[in-house]
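Asks: Before I ask anything, let me first share the structure, which is written out below as structure tokens.
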Amino acid sequence: MNPDEIVAAVGESRPRIEGRLKVSGSAHYVADLPMPNLAHGWMVTAAVSRGRIRDIDATDALAQPGVLGVLDHRNTRRLNPDIAHHFGPDRSLPLLQDEVIEYAGRPIALVVAETPEQARAAAAALRVTYDAKPHDIEFSMNHPATRPASTLFGPEADTGDLEAELAGSAMVVDELYHTPEESHSAMEPHVATAWWEDGHLYAFDSNQGPFGISQVMASLFLIDPERVHIRAEHVGGGFGAKTICGAQIILAALAAEHLQRPVRVALTRRQVFLATGSRPPTEQRVRIGADADGRLRAIHHHAAFAQSPLAEYIEWCTEQARTLYAAPAIRTELSAVPLNLLPPCSMRGPGASPGSFAFESAIDEVAERLQIDPLQLRLLNQPVVSPVSGRPFSTRRLVQCLQEGARRFGWAQRDPRPRVRREGNLLVGTGVAAVAFIAGVFPSSAAITAETDGTFSVRVGATDIGTGARTALIAVAADALAVGTERVRMHIGDSDLGLAAGAGGSRGTTSCAFAITETAKALREKLGDSARPVTASVDTTPLINWQPAEERYTYSAVFAEVTVDPATGEVRVRRLLGMFAVGRVINPLLARSQLIGGMIGGLSMALHEESVRDPLTGRLVTADFAGYHISAHADVPTIEADFVADYEPQDPSGFNGLGEIGNAGTAAAIANAVWHATGTRHRTLPISLSRVIERAAAQDRPEAVSVA
């Protein structure tokens, strides 16, 4: 076929190439993959939040039918204690190494048997005694152990004379906002099957980046990285929980080595809640000063988040305050509070989701107190260059998102007064929020072979966690090679394919697409008269500009309409509309699916999600879907997600990531709509029935103490 006759694949809406396999049940996830001579491990977790294991009595467990062994800190091989991940040192990864317990849910033993049922029954017979110590799970930014957070993402903002600008402002908002601990709630629980052959570790694992997991496992087991082989062909969701090296693969590898046979460890839903990471709770103080005409003069965002004593982590809540709006003085501060909690990890829209709730709620409060339309306030304060660094933006189409979203939503017909629009006994309100989400690429490699039959085999270590990454990357490869998509054979999900960004940070597909594009360019230069097969490979590490002259972000504006029943406290989201500037869109069908899913996650964050711990024991009491509420079909309204035309000049194909920006901003838009409906501001998530009723009662009793 003449290249000029080929229809471009990028920009076309195409269904997932593996969609039929998934809906027919033919796609094999990790727990589905057959393995001869397979044994099964059952994880046992700590029942105390802090203390030491006094004894583990495995007598009764070992006497159970089919039991092959019990691994704990007394008989498990030594792992590297100096292991680290991208945030820094992580003492939570070397499992079964000592008797110390720093949080409830810490894996302390693994019972291995011939069948899962036998392993579970034997685990119930395991007798563990503890020396419990006082624990601390009381989170507050004023906690005596509060310390500055890591500056891995760069220094916090400190421009202008903040206090002078606040003092000179006609109006100052100074409020506290709270978000709870949250769980990722992916449909597929964490599961891994591991085995050893000739000193090589092999594993099927449910994760978001096989190459990165292979590097951590190599360091943890102190073996050559070339001897670790991790595959993750199909992954049933992750949302950040599977970016880390999970307990399932560490325990499966330990047991497989100990027993010299393959071992599968599949976590239950409860174990996923207890042992696999969470979004930490936050407390955020936002101070904003403005002139009477709405011009912002000062922005101060101080955010604190809970931290485990075992591992470093950053919940970067302050990104919005340093990016969205111009002001002469901007200061951001980020604090960590070490507590006896499950080590947090990135959850969809990390930092940006809780941070935008606080910051965009505060921006709305500025508009409310100045009696200025909240949309116009946002448009009035748009920066020309980065408000903190002074560098230009590579592209910035937030204004277009706000304006086009307002037009489609019918914002001009909105009565700005709160608590005036009614439908029967329901109060109706609308709200808006804006978001900037940092973008870029991570180093990745790819290899492409031009085969003798005219097809092209593309090998890249990308991960498809249900987003359609395979389909998107096939389109990228086809256009880069100037062939039809039917001639591209995509191979992903294997650490042996080389360095590749995982599916996280909204950079997985963009990073791998960059590698594929560069490799295709190199292959086309080699083809000429060369006999096939011929292969080219490229590692993008030296091609990435780590200090570009321009700042790179994606942008969104989310509009929400809600109804509130003041008698019952029930909040229902009626409409959600999101407009997004995310660079050139590879596949609009899959991109909208991603963004709508993110907006549903933001709705869930706003109204439902909250992990609750027993203050006496420190243990999680909402460790299942009966106690931890997420959005169901009845909660999801008509949702529209669309794009403004955009092109990212820092990327050779104009791409940017979009996985998480749909989540960030939605909770703030809903919270702002609830204020417009009721006249009552909610600064604590989720906006549950009880909180709506309590705040309404407090509003009706002016002498009452305000409820957070």
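To convert, note that position 579 of the sequence shown is 580 in the numbering used here; the numbers rise steadily by one, no gaps.
The C-beta atom is built at its ideal place from N, Cα and C for all residues, glycine as well.
#1: Could you have a look at residue 11 and say whether DSSP puts it in helix, strand or coil?
#2: Nearest CA to the CA of residue 325: which residue from 535, 266, 385?
#3: Taking the CB atoms as reference points, tell me whether residue 554 and residue 394 lie closer together than 8 Å.
#4: So residue 712 packs on residue 88, CB below 8 Å; how close in whole Å?
#5: Measuring alpha carbon to alpha carbon, tell me which of 200, 133, 683 ends up nearest residue 617.
#6: Under 8 Å: do the stretch 137–155 and the stretch 304–314 share three or more Cβ pairs, one atom per stretch?
#7: When DSSP labels each residue in this structure, what does residue 669 get in the three-state scheme?
#8: Please list, in chain order, all residues of the same chain as residue 595 whose beta carbon is under 7 Å from its beta carbon, the five residues on each side excluded.
#9: Would you kindly work out how many angstroms separate the C-alpha atoms of residue 454 and residue 585, rounded to a whole number?
#10: Measuring alpha carbon to alpha carbon, tell me which residue in 613, 641, 34, 269 is nearest residue 407.
#11: Report back the beta-carbon spacing between residue 348 and residue 235 to the nearest angstrom; my notes put them in contact at under 8 Å.
#12: In chain order, what residues of the same chain lie with their CB nearer than 6 Å to the CB of residue 32, ignoring the 5 residues before and after it?
#13: For residue 86, does the three-state DSSP call read helix, strand or coil?
#14: According to the Cβ coordinates, are residue 42 and residue 187 closer than 8 Å?
#15: With residue 581 and residue 508 assumed to form a contact (beta carbons below 8 Å), what rounded beta-carbon distance in angstroms separates them?
#16: Relative to the C-alpha of residue 458, which candidate in 207, 537, 28 has its C-alpha closest?
#17: Buried or exposed for residue 94, please, with buried defined as at least 16 other CB atoms from any protein chain shown within 10 angstroms of its CB.
#18: In whole angstroms, what is the alpha-carbon distance linking residue 452 and residue 382?
#19: Starting from residue 297, trace the beta strand (DSSP E) both ways and give me its first and last residue.
#20: Which one of 583, 621, 202, 682 has the shortest CA to CA distance from residue 272?
#21: In the DSSP assignment, what residue or residues form a beta bridge with residue 438?
#22: Starting from residue 370, trace the alpha helix (DSSP H) both ways and give me its first and last residue.
#23: Is the stretch 504–522 in contact with the stretch 647–659, if contact means three or more CB pairs nearer than 8 Å?
#24: Please state the DSSP three-state secondary structure of residue 710.
#25: By how many angstroms is the C-alpha of residue 606 removed from the C-alpha of residue 689?
#26: Quick one: using the 10 Å Cβ neighbour count with 16 as the cut-off for buried, is residue 136 buried or exposed?
#27: Straight-line CA distance for residue 297 to residue 390?
#28: Taking the alpha carbon of residue 588 as the reference point, which residue from 131, 80, 644 has its own alpha carbon closest?
#29: Where does residue 117 fall in DSSP's three states?
#30: Could you give the first and the last residue of the continuous alpha helix (DSSP H) run that contains residue 21?
#31: Per the contact definition of three or more C-beta pairs closer than 8 Å, is the stretch 424–432 in contact with the stretch 197–210?
#32: What does the alpha-carbon distance come out to for the pair residue 204 and residue 230?
#33: Apart from the five residues just before and just after residue 1, which ones in its own chain have a Cβ nearer than 7 Å to its Cβ?
#34: Let me know if residue 564 comes out buried or exposed under the rule of 16 or more other beta-carbons within 10 Å of its beta-carbon.
#35: Mind reading off the beta-carbon distance from residue 81 to residue 223? Whole number of angstroms is fine, and I expect it under 8 Å.
#36: Are the CB atoms of residue 102 and residue 52 nearer to each other than 8 Å?
Replies: On the basis of the data shown:
#1: Residue mapping note: residue 11 aligns to position 10 of the sequence shown, counting from 1. In the three-state scheme derived from DSSP, where H, G and I count as helix and E and B as strand, residue 11 is classed as coil.
#2: Walking along the sequence shown from the start, residue 325 turns up at place 324. Here the closest residue by C-alpha is 385.
#3: The sequence position of residue 554 within the sequence shown is 553, counting from 1. The sequence position of residue 394 within the sequence shown is 393, counting from 1. Yes.
#4: Since the first residue shown for the chain is 2 and the last is 709, residue 712 is missing from the structure and cannot be characterised.
#5: Taking the sequence shown and counting its residues from 1, the one referred to as residue 617 is at position 616. Checked all of 200, 133, 683; the closest Cα to residue 617 is 133.
#6: Segments in contact, yes.
#7: Numbered from its first residue, the sequence shown carries residue 669 at position 668. Note: residue 669 maps to helix in three-state DSSP.
#8: Counting from one through the sequence shown, the residue named residue 595 turns up at place 594. Hits under 7 Å: 468, 659, 660, 663.
#9: By one-based count along the sequence shown, residue 454 stands at place 453. By one-based count along the sequence shown, residue 585 stands at place 584. Whole-angstrom Cα-Cα distance: 32 Å.
#10: In the sequence shown, the residue the question calls residue 407 occupies position 406. Ranking the options by Cα distance to residue 407, first place goes to 641.
#11: The sequence position of residue 348 within the sequence shown is 347, counting from 1. The sequence position of residue 235 within the sequence shown is 234, counting from 1. Here residue 348 is actually not in contact with residue 235; their C-beta atoms are around 21 Å apart, not less than 8 Å.
#12: Locating residue 32 in the sequence shown gives position 31, counting from the first residue. Only 192, 267 meet the Cβ criterion.
#13: To locate residue 86, count along the sequence shown from 1; it is residue 85. DSSP places residue 86 in strand when its eight states are reduced to three.
#14: To locate residue 42, count along the sequence shown from 1; it is residue 41. To locate residue 187, count along the sequence shown from 1; it is residue 186. Their beta carbons are not under 8 Å apart, which means residue 42 does not touch residue 187 by this criterion.
#15: If you number the sequence shown from 1, residue 581 lands on position 580. If you number the sequence shown from 1, residue 508 lands on position 507. For residue 581 against residue 508, the beta-carbon gap comes to about 16 Å, at or over 8 Å, which does not count as contact.
#16: The residue labelled residue 458 in the question sits at position 457 within the sequence shown. Comparing Cα positions, the closest option is 537.
#17: Here residue 94 corresponds to residue number 93 of the sequence shown, with the count starting at 1. Buried, by the Cβ-count rule.
#18: For this step, residue 452 is matched to residue 451 along the sequence shown. For this step, residue 382 is matched to residue 381 along the sequence shown. Residue 452 and residue 382: Cα-Cα distance of roughly 55 Å.
#19: Here residue 297 is taken as the residue at index 296 of the sequence shown, counted from 1. It spans 297–308 - the beta strand (DSSP E) in which residue 297 sits, taken as one unbroken run.
#20: As a first step, residue 272 is located in the sequence shown; it is residue number 271 there, counting from the start. It is 621.
#21: To locate residue 438, count along the sequence shown from 1; it is residue 437. Under the DSSP definition of a beta bridge, residue 438 partners with 555.
#22: Taking the sequence shown and counting its residues from 1, the one referred to as residue 370 is at position 369. Boundaries of the alpha helix (DSSP H) around residue 370: 353–371.
#23: Taking one beta carbon from each stretch, the stretch 504–522 and the stretch 647–659 have 3 or more pairs nearer than 8 Å; the two touch.
#24: No answer is possible for residue 710: the residues shown for the chain start at 2 and end at 709.
#25: Numbered from its first residue, the sequence shown carries residue 689 at position 688. Numbered from its first residue, the sequence shown carries residue 606 at position 605. If I take the Cα positions, the gap works out to 11 Å.
#26: Within the sequence shown, residue 136 is the residue found at index 135, counting from 1. Taking all protein chains in view, the Cβ of residue 136 is crowded by 16 or more other Cβ atoms within 10 Å, so the residue is classified as buried.
#27: Taking the sequence shown and counting its residues from 1, the one referred to as residue 297 is at position 296. Taking the sequence shown and counting its residues from 1, the one referred to as residue 390 is at position 389. Between residue 297 and residue 390, the C-alpha separation is close to 18 Å.
#28: Locating residue 588 in the sequence shown gives position 587, where the first residue counts as 1. It is 644.
#29: Taking the sequence shown and counting its residues from 1, one reaches residue 117 at position 116. Note: residue 117 maps to helix in three-state DSSP.
#30: As a first step, residue 21 is located in the sequence shown; it is residue number 20 there, counting from the start. Membership of residue 21 in the alpha helix (DSSP H) is indicated by the continuous run 20–24.
#31: Taking 8 Å as the limit for Cβ pairs, the verdict is that the stretch 424–432 does not touch the stretch 197–210.
#32: Within the sequence shown, residue 204 is the residue found at index 203, counting from 1. Within the sequence shown, residue 230 is the residue found at index 229, counting from 1. Their Cα atoms are separated by approximately 6 Å.
#33: The chain is shown only over 2 to 709; residue 1 falls outside these bounds and no answer can be derived.
#34: Sequence index remark: in the sequence shown, residue 564 carries index 563 (1-based). Result: buried.
#35: Stepping through the sequence shown from its first residue, residue 81 is reached at position 80. Stepping through the sequence shown from its first residue, residue 223 is reached at position 222. By a beta-carbon distance limit of 8 Å, residue 81 contacts residue 223. Their separation comes to about 5 Å.
#36: To locate residue 102, count along the sequence shown from 1; it is residue 101. To locate residue 52, count along the sequence shown from 1; it is residue 51. Yes; because the gap between Cβ atoms is below 8 Å, this pair is in contact.
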